[in-house]
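Peer 1: Residue numbers (the working numbering): 3 to 248. Take this structure first; my questions come after.
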């Protein structure tokens with residue numbers, strides 16, 4: 003086992019985190035300010051991603067330190083546990099996103115965050131379209147390096163970044179993987195989950211800070227594994243009917 007490649011990966015991650023903080027802090031603040039305003043009006047934040055990007059929807063859903071007003075959009079067919087190859091094919095299929103999102107209670111005034119590293123496949127693109135049509139604020143989390151290098155797979159020719167009100171660039175390199183090793187043609191060491199998790203948690207923290215700045219007490223969850231605990235029925239009462247996977 004090479005200690006040097008372990009150090010190289012950690013160094014790459016640290017540098018990428020520092021770079022994305024410098025380049026995206028104001029964009030994340032902008033997204034947080036707009037989201038906080040809508041949450042203070044009683045609306046919801048919906049988070050959606052396909053493939054590995056769905057992990058980030060789960061990252062901020064029902065999470066210690068996170069907001070109650072988060073609804074994760076989770077379609078098993080777009081994840082990997084039923085069929086990894088099948089989910090890859092399905093996220094390229096036009097009209098499927100609408101079938102998924104129609105099962106959720108998305109309303110005018112809500113916020114929809116769509117996460118897609120490449121930003122080129124039909125499902126995330128049409129999810130953004132669906133949100134815009136219904137008067138939601140649409141925030142995209144995507145890699146500029148990826149979507150600028152590759153053509154759209156959607157019949158319209160549009161990409162996720164073309165449709166969003168706010169675009170957060172994850173800074174992930176094209177192809178996601180970041181480490182080159184002698185004797186290996188492909189790179190290893192993907193970055194999208196690490197950078198995406200950092201960005202989306204920073205976004206949630208900034209929303210909470212913005213709500214507090216307006217003298218609004220946000221509903222923030224604490225871990226179910228600490229002694230003090232929370233009455234989940236009580237804290238979710240106002241929003242439970244809007245959270246499909248409660």
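Heads up, the beta-carbon is just placed ideally off N, CA and C, and yes, glycines get one too. Quick caveat, the model's predicted, so the values are computed rather than measured.
Given this structure, state the Cα-to-Cα distance separating residue 65 from residue 223, to the nearest angstrom.
Peer 2: For residue 65 and residue 223, the distance between alpha carbons rounds to 7 Å.
Peer 1: To which residues does DSSP link residue 115 through a beta bridge?
Peer 2: Paired residue(s): 49, 141.
Peer 1: Hey, residue 45 and residue 245 are a contact pair by Cβ (cut 8 Å); roughly how many whole angstroms apart?
Peer 2: Going by Cβ atoms, the distance from residue 45 to residue 245 rounds to 13 Å, so no, they are not a contact pair.
Peer 1: Could you tell me the alpha carbon to alpha carbon distance between residue 14 and residue 200, rounded to whole angstroms?
Peer 2: Their backbone Cα atoms lie some 15 Å apart in a straight line.
Peer 1: Are residue 190 and residue 197 closer than 8 Å when you measure CB to CB?
Peer 2: No, they are not a contact pair.
Peer 1: Can you list, in chain order, the residues of its chain whose CB lies under 7 Å from that of residue 248, leaving out five sequence neighbours each side?
Peer 2: Cβ within range, chain order: 238, 242.
Peer 1: Determine the direct distance from the alpha carbon of residue 180 to that of residue 6, and round the result to whole angstroms.
Peer 2: Approximately 15 Å, taken between the alpha carbons.
Peer 1: Can you check whether the CB of residue 117 is closer than 8 Å to the CB of residue 163?
Peer 2: It is not a contact, given that the beta carbons lie outside the stated cut-off.
Peer 1: Return yes when the Cβ of residue 113 is within less than 8 Å of the Cβ of residue 77, no when it is not.
Peer 2: In this structure, residue 113 does not lie closer than 8 Å to residue 77 by Cβ.
Peer 1: Classify residue 145 as buried or exposed, calling it buried when 16 or more other Cβ atoms lie within 10 Å of its own Cβ.
Peer 2: Residue 145 comes out buried.
Peer 1: Buried or exposed, going by whether 16 or more other CB atoms sit within 10 Å of the CB of residue 26?
Peer 2: Result: buried.
Peer 1: Quick one: using the 10 Å Cβ neighbour count with 16 as the cut-off for buried, is residue 178 buried or exposed?
Peer 2: That one is buried.
Peer 1: Alpha carbons only, please: which of 152, 168, 100 is nearest the one belonging to residue 140?
Peer 2: That would be 168, whose Cα lies nearest to the Cα of residue 140.
Peer 1: In terms of residue numbering, what span does the beta strand (DSSP E) encompassing residue 192 cover?
Peer 2: Start and end: 190-192.
Peer 1: Can you give me the C-alpha to C-alpha distance between residue 88 and residue 166, rounded to a whole angstrom?
Peer 2: Rounded to the nearest angstrom, the two C-alpha atoms are 27 Å apart.
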